[in-house]
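Participant:
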Amino acid sequence: CCSTSEPSEAKRRSRTHPVSSIRPPISSQTLKGFYRSKPPEKKKKMFLTRTEYDRGVNTFSPEGRLFQVEYAIEAIKLGSTAIGVKTKEGVVLAVEKRITSPLLEPSSVEKIMEIDDHIGCAMSGLIADARTLVEHARVETQNHRFSYGEPMTVESTTQALCDLALRFGEGDEESMSRPFGVSLLIAGHDENGPSLYYTDPSGTFWQCNAKAIGSGSEGADSSLQEQFNKDLSLEEAETIAVSILKQVMEEKVTPNNVDIAKVAPAYHIYTPQEVEAVISRL
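In terms of UniProt numbering, the sequence shown opens at residue 1 and continues consecutively.
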């Protein structure tokens, strides 16, 4: 018989602890290097968050959008409804005036303003912003008249307004700039005849035959498309504008909550008696 013998201590240790699993001792130099090493740097964000794009007036989002301008356009949809209709004789403007209190004097609420003898504008949105734009346009038209001895064209006046809207202010106002939260319907009569322009907070403007802005603009635009034609008279344009306002307004149409003006060829704001006469034709 073969005799069996106990395995030696070295063989037993090699079976239970393979050589590959035995780790070398860690030196003090290795520990020092480990603690001195810096943590891995975080990757920098490639894009800003939506909130940061919201605050930036001149910063485009990755989708190519300017959120502040879009918000200003949305603010206009909360404003009162304004309608402009162009005819061969001139342009008619009609605007809803929201009288929020019986203690408020209706004549103090201005929604149609004169820019020059031959230009007027209706507005929807923030009236304080509209006043800034109108004052700028008044200065431009008077400077042009003083320099060249002739009235400024309606298109050039609109362009001057939109240049200011695109800069979001002028002078010291640029440091606290934001888009103007107002949209304008600019009516005028010059050497090219009557014209109607529409502007928005992005500084863009279009020439229109008829246009509605404000909270009731969608329904009013649909009605204008159905009723407008290029052979309208001024009287017919007045009736169409006020009748469409009546459809979209929540309150009954009265001389206290509606303003009407025309440019044919000079600017004229209607008196309460003249507004009442237009309403009586509905």
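Yeah, the Cβ is synthetic: ideal placement off N, Cα and C, and Gly gets one too.
Alpha carbon to alpha carbon, how far is Pro-201 from Glu-190? Give it in angstroms, no decimals.
Facilitator: Here residue 190 is taken as the residue at index 190 of the sequence shown, counted from 1. Here residue 201 is taken as the residue at index 201 of the sequence shown, counted from 1. According to the sequence as given, residue 190 is Asp; it is not Glu. Roughly 25 Å separates the two Cα atoms.
Participant: Kindly indicate the opening and closing residues of the beta strand (DSSP E) around Leu-196.
Facilitator: Locating residue 196 in the sequence shown gives position 196, counting from the first residue. Per DSSP, Leu-196 belongs to the beta strand (DSSP E) from 193-199.
Participant: Check each candidate in Ala-94, Ala-160, Ile-76 and Leu-133 and name the one with the smallest Cα separation from Thr-239.
Facilitator: As a working mapping, residue 239 is identified with position 239 in the sequence shown. Checked all of Ala-94, Ala-160, Ile-76 and Leu-133; the closest Cα to Thr-239 is Ala-94.
Participant: Please classify His-144: does DSSP put it in a helix, a strand, or coil?
Facilitator: On the sequence shown, position 144 is the one that residue 144 refers to. Three-state result, His-144: helix.
Participant: Asp-259: which of Tyr-148, Lys-230 and Gly-84 sits nearest, CA to CA?
Facilitator: For this step, residue 259 is matched to residue 259 along the sequence shown. If we check each option's Cα against that of Asp-259, Gly-84 comes out closest.
Participant: Which same chain residues, not among the five before or five after Ala-165, have their C-beta less than 6 Å away from its C-beta?
Facilitator: Translated into the one-based positions of the sequence shown, residue 165 becomes position 165. Correct list, in chain order: Phe-180 and Gly-203.
Participant: Buried or exposed: Gly-90, going by 16 or more other Cβ atoms within 10 Å of its Cβ?
Facilitator: Here the question's residue 90 lines up with position 90 in the sequence shown. So Gly-90 ends up on the buried side.
Participant: Below 8 Å, can you find three or more Cβ-Cβ pairs linking the region 267-281 to the region 107-127?
Facilitator: Flag = yes, the region 267-281 and the region 107-127 touch.
Participant: How big is the Cα-Cα spacing for Thr-87 and Asn-209?
Facilitator: Locating residue 87 in the sequence shown gives position 87, counting from the first residue. Locating residue 209 in the sequence shown gives position 209, counting from the first residue. Each residue's Cα considered, the two are about 8 Å apart.
Participant: At which residues does the beta strand (DSSP E) containing Ser-124 begin and terminate?
Facilitator: Along the sequence shown, one-based indexing puts residue 124 at 124. Where Ser-124 is concerned, the enclosing beta strand (DSSP E) stretches over 119-125.
Participant: Is Ala-187 buried or exposed, if buried means 16 or more other CB atoms sit within 10 Å of its CB?
Facilitator: Indexing the sequence shown from 1 puts residue 187 at position 187. By the 10 Å Cβ count, Ala-187 comes out buried.
Participant: Report back the beta-carbon spacing between Ala-122 and Leu-185 to the nearest angstrom; my notes put them in contact at under 8 Å.
Facilitator: The sequence position of residue 122 within the sequence shown is 122, counting from 1. The sequence position of residue 185 within the sequence shown is 185, counting from 1. That belief holds up - the Cβ atoms of Ala-122 and Leu-185 are roughly 4 Å apart, short of 8 Å.
Participant: Please classify Thr-157 as buried or exposed, where buried requires at least 16 other C-beta atoms within 10 Å of its C-beta.
Facilitator: As a working mapping, residue 157 is identified with position 157 in the sequence shown. Buried.
Participant: From Pro-255 to Val-278, what distance separates their C-alpha atoms?
Facilitator: Residue mapping note: residue 255 aligns to position 255 of the sequence shown, counting from 1. Residue mapping note: residue 278 aligns to position 278 of the sequence shown, counting from 1. Distance between the alpha carbons of Pro-255 and Val-278 is about 10 Å.
Participant: Measure how close the beta-carbons of Val-182 and Ala-130 come, nearest whole angstrom, since I'm counting them as under 8 Å.
Facilitator: Position 182 of the sequence shown, counted from the first residue, corresponds to residue 182. Position 130 of the sequence shown, counted from the first residue, corresponds to residue 130. With 8 Å as the limit, Val-182 and Ala-130 qualify as a contact, their Cβ atoms being about 4 Å apart.
Participant: With a CB to CB cut of under 6 Å and the five nearest residues on each side skipped, what residues in its chain are close to Leu-126?
Facilitator: As a first step, residue 126 is located in the sequence shown; it is residue number 126 there, counting from the start. These residues qualify, in order along the chain: Gly-181 and Val-182.
Participant: For a quick check, are the C-beta atoms of Ser-124 and Ile-76 less than 7 Å apart?
Facilitator: Reading the sequence shown from its first residue, position 124 is the one you call residue 124. Reading the sequence shown from its first residue, position 76 is the one you call residue 76. Taking 7 Å as the Cβ cut-off, Ser-124 and Ile-76 qualify as a contacting pair.
Participant: Where Thr-271 and Glu-235 are concerned, what is the direct C-alpha to C-alpha distance, given to the nearest angstrom?
Facilitator: Residue 271 sits at position 271 when you count from the first residue of the sequence shown. Residue 235 sits at position 235 when you count from the first residue of the sequence shown. Cα-Cα distance, rounded: 16 Å.
Participant: Is the beta carbon of Val-109 sitting closer than 7 Å to the one on Ala-237?
Facilitator: One-based indexing of the sequence shown puts residue 109 at position 109. One-based indexing of the sequence shown puts residue 237 at position 237. Not closer than 7 Å, so no.
Participant: Apply the 10 Å Cβ neighbour rule to Thr-59 and answer buried if 16 or more other Cβ atoms are within range, or exposed otherwise.
Facilitator: In the sequence shown, the residue the question calls residue 59 occupies position 59. So Thr-59 counts as exposed.
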